[in-house]
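Residue numbers (the working numbering): 38 to 271.
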């Protein structure tokens, strides 16, 4: 199984909610890169997208797209492609590197959150290491947390019975800034979303991380290193 499938998607896995969708453009890849669209009072926001057949129709089922948001310095993905198709800009935090030169679309930078106040978003910056720049996105009206990299539900993020786990590299330095959040739904950048007891899954993921580090090192360490090499090559 390849870590990242760089070819065209043959068909996405899609999870649908009343006000959002998550899709995995390459469901057979190990990384399970996930993309999202969330309906807000401002319109529909597309997040960290990877293109896939029929995905525009699924997005437009939520309403008109008002922007594309990129949440980490490694998730330029197909943001420019979808932004051009929907005639919108790509929105990134003012401190996020690597994106502007990798998308062929207008880029708008923001200090606090993408869009207007009507979007209902706020961002939580996360820059734990050099070259790791990530913004957690929280949509207050729907209590939805978008966690692009540090947290995930794909196999390389999980050990034991975890439903939501930390990247191997974050187990010794977890994102404590998320403590106290009580999301009803968590959309992750790698893996399927969590809509059942999301707050409990988040709390469990943030506690006991040092205890689980040795297991994560044995089970996920080699795959995590392969993933980094694949990203740097890609």
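Cβ coordinates follow ideal geometry from the N, Cα and C atoms, glycine included.
- If the five residues before and after residue 117 are omitted, its C-beta is found closer than 6 angstroms to the C-beta atoms of 140, 141 and 142, all from its own chain and listed in chain order.
- Counting along the chain, residue 176 sits inside no alpha helix (DSSP H); it lies in the beta strand (DSSP E) bounded by residues 169-176.
- Between residue 200 and residue 238, the C-beta spacing is below 7 angstroms.
- Inter-residue distance for residue 101 and residue 108 is about 21 angstroms (C-alpha atoms, whole angstroms).
- In this structure, DSSP gives residue 160 an extended state, which the three-state scheme calls strand.
- The three-state secondary structure of residue 39, taken from DSSP, is coil.
- A direct Cα-to-Cα measurement between residue 104 and residue 196 gives close to 35 angstroms.
- When DSSP reads this structure, residue 181 sits in a beta bridge with 176 and 222.
- In terms of Cβ geometry, residue 78 and residue 155 form a close pair [threshold 7 angstroms].
- Under DSSP, residue 58 takes part in a beta bridge, and its partners are 53 and 74.
- Taking a contact as a CB-CB distance under 8 angstroms, the pair residue 59 and residue 71 counts as one, their CB atoms being some 5 angstroms apart.
- Secondary structure within the region 76-123: the alpha helix (DSSP H) runs of 4 or more consecutive residues, fully enclosed, are 92-97 and 116-123 (chain order).
- Around the CB of residue 252, fewer than 16 other CB atoms lie within 10 Å, so the residue is classed as exposed.
- With a cutoff of 7 angstroms on beta-carbon distance, residue 172 and residue 203 are scored as not near each other.
- Shown here, residue 128 sits in a strand according to DSSP, grouped into three states.
- Taking 7 angstroms as the cut-off, the Cβ atoms of residue 209 and residue 170 do not count as close.
- Ranked by Cα distance from residue 62, the first of 87, 212, 39 and 41 is 87.
- With a threshold of 16 other beta carbon atoms within 10 Å, residue 222 meets it and is buried.
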